[in-house]
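Undergrad:
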Amino acid sequence: MNIVLHEPEIPANTGNIGRTCVATNTRLHLIEPLGFRLTEKALKRAGMDYWPQLDVTRYINYEEFLEKNPGAKIYYASTKAQKLYTEVCYEPDCFIMFGKESAGIPEEILRGHPDTAIRIPMVGKTRSLNLGNSVAIVLYEALRQNGFAGMKTQGELTRYRWEE
């Protein structure tokens, strides 16, 4: 799986997403401009000691991202999308893109992809969920659909056994 952040602004969100990517063996793609430096303490604090293990690629802009990932199947997560994130079938090598915290994915990108634009349902006039939470919700649905391939699906107690 691949998570794409289009112009992320908040380092703690990106750090948290990076940690989720490491835990799920997911590649992270960052499209500039970033609202922070990758050396910021808030980014490293949120990603904890996992950041060095992260498979991350940076791109100068959306066009470079498309150029370096030809033929990529991209799902565009947006509050403006008409299709729910549970209504699509995610391929194991797909890309799931999320926009910056203040504005989301630009509409000029979204309008060309109505069939792969997805949304997380919300009530009332809530504008959006936290970016890190949104990534986790959609990513884990995509992983579930693919049988959590290569992931540990059972936990173990450290001091006891599950049997009675």
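Numbering (the numbering used here), first residue to last: 1157 to 1320.
All C-beta atoms, glycine included, are put in the ideal place defined by N, C-alpha and C.
Kindly identify the DSSP beta-bridge partner or partners of V1160.
TA: For V1160, which the question treats as bridged, DSSP gives the partners H1185 and M1253.
Undergrad: Name the two residues that bound the continuous alpha helix (DSSP H) containing T1176.
TA: Segment P1167 to T1180, the alpha helix (DSSP H) holding T1176.
Undergrad: Find out if the Cβ-Cβ distance for the pair N1158, G1288 is shorter than 7 Å.
TA: Going by C-beta atoms, N1158 is not nearer than 7 Å to G1288.
Undergrad: Bridge partners for R1275 per DSSP, in chain order?
TA: DSSP lists L1240 as partners of R1275.
Undergrad: Closest to Y1246 by C-alpha separation, out of G1260, I1230 and E1188, would be which residue?
TA: With distances taken between Cα atoms, Y1246 lies closest to I1230.
Undergrad: At which residues does the alpha helix (DSSP H) containing R1300 begin and terminate?
TA: Counting along the chain, the alpha helix (DSSP H) containing R1300 begins and ends at L1287 to Q1301.
Undergrad: Classify V1279 as buried or exposed, calling it buried when 16 or more other Cβ atoms lie within 10 Å of its own Cβ.
TA: Its Cβ having fewer than 16 others within 10 Å, V1279 is exposed.
Undergrad: For the alpha helix (DSSP H) containing Y1218, list its first residue and its last residue.
TA: Where Y1218 is concerned, the enclosing alpha helix (DSSP H) stretches over Y1218 to K1224.
Undergrad: Under 6 Å Cβ to Cβ from Y1206, same chain only, skipping five residues before and after it: list those, please.
TA: So the qualifying residues of the chain are R1175 and V1178.
Undergrad: Using only the alpha-carbon positions, how far apart do R1300 and T1180 sit?
TA: Straight-line Cα distance between these residues: approximately 11 Å.
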